[in-house]
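Undergrad: Start counting the sequence shown at 1; every next residue gets the next number (the UniProt record's numbering).
Yeah, the Cβ is synthetic: ideal placement off N, Cα and C, and Gly gets one too.
What you are looking at is a predicted structure, and each value in this text was computed from that prediction instead of being measured.
Shown below is the structure under consideration.
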Amino acid sequence: MFDNLEFYHRVYKEVLAVPVCKGIKTESEKFPGGFKTSTVETWIPENGRAIQAATSHNLGQNFAKMFGIEFENEKKEKQFAWQTSWGLTTRSIGIMTMYHGDDKGLVLPPRVANVQVIIIPIPFKGKEQEVVKAASSLYESLKKTDIRVQIDSRDNYNPGWKFNHWELKGVPIRL
């Protein structure tokens, strides 16, 4: 149960870039019939209210006893199973969106983003090849460090349109 709690904490902090508090639910808040419930929770910035981000439940043997879930131990004795229940669900996507979205769209945290960096070359007269070469060089440098990078070299859109396009797609870094 506590390993799951730490895992949830790390996913929210390191991957989704969302601050969370971890802890144990009170007797009145724990999963009904369970032994203990751990949780990571965060808050909604717009209204300051808390939201449960993920939980893990130590169900003890209560449900095994109710439903007759038994196993044979190494001494060939029947025992009731100890059970857990845990879940990190689509709620995590909603919470991440709530934290990192605004009226212009969603800026994905770099570890979640399919494209972490978009390079938008802005060529000017007489220097087109130099700009393309510099963009390609930057692309190769970033690619070598396992950064998910793309170049938007389409010539049928202006740079402002491209920057807006990639902002709406949630790309965290636009160069």
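Measure the C-alpha to C-alpha separation of residue 123 and residue 57 and round it to an integer number of angstroms.
TA: 57 Å
Undergrad: Should residue 39 be labelled buried (16 or more other beta-carbon atoms within 10 Å of its own) or exposed?
TA: buried
Undergrad: When the Cα atoms are used, what is the spatial distance from residue 117 to residue 104?
TA: In this structure, the straight-line span from the alpha carbon of residue 117 to that of residue 104 is close to 18 Å.
Undergrad: How is the beta strand (DSSP E) around residue 38 delimited, first residue to last?
TA: For residue 38, the uninterrupted beta strand (DSSP E) segment begins and ends at 36 to 43.
Undergrad: Within 10 angstroms of the Cβ of residue 108, are there 16 or more other Cβ atoms? Answer buried if so, exposed if not.
TA: buried
Undergrad: Between residue 61 and the ligand SAM, is the CB less than 8 Å from at least one heavy atom?
TA: The model depicted lacks the ligand SAM and carries no ligand whatsoever.
Undergrad: Do residue 89 and residue 54 have their CB atoms nearer than 9 Å?
TA: yes
Undergrad: Given a cut-off of 9 Å, decide if residue 61 and residue 71 are closer than it, judged by their beta-carbon atoms.
TA: no
Undergrad: Considering only C-alpha positions, which residue in the set 127, 15 and 164 is nearest to residue 92?
TA: 15
Undergrad: Put residue 31 into one of helix, strand or coil per three-state DSSP.
TA: coil
Undergrad: Does DSSP put residue 80 in a helix, a strand or coil?
TA: Correct three-state label for residue 80: strand.
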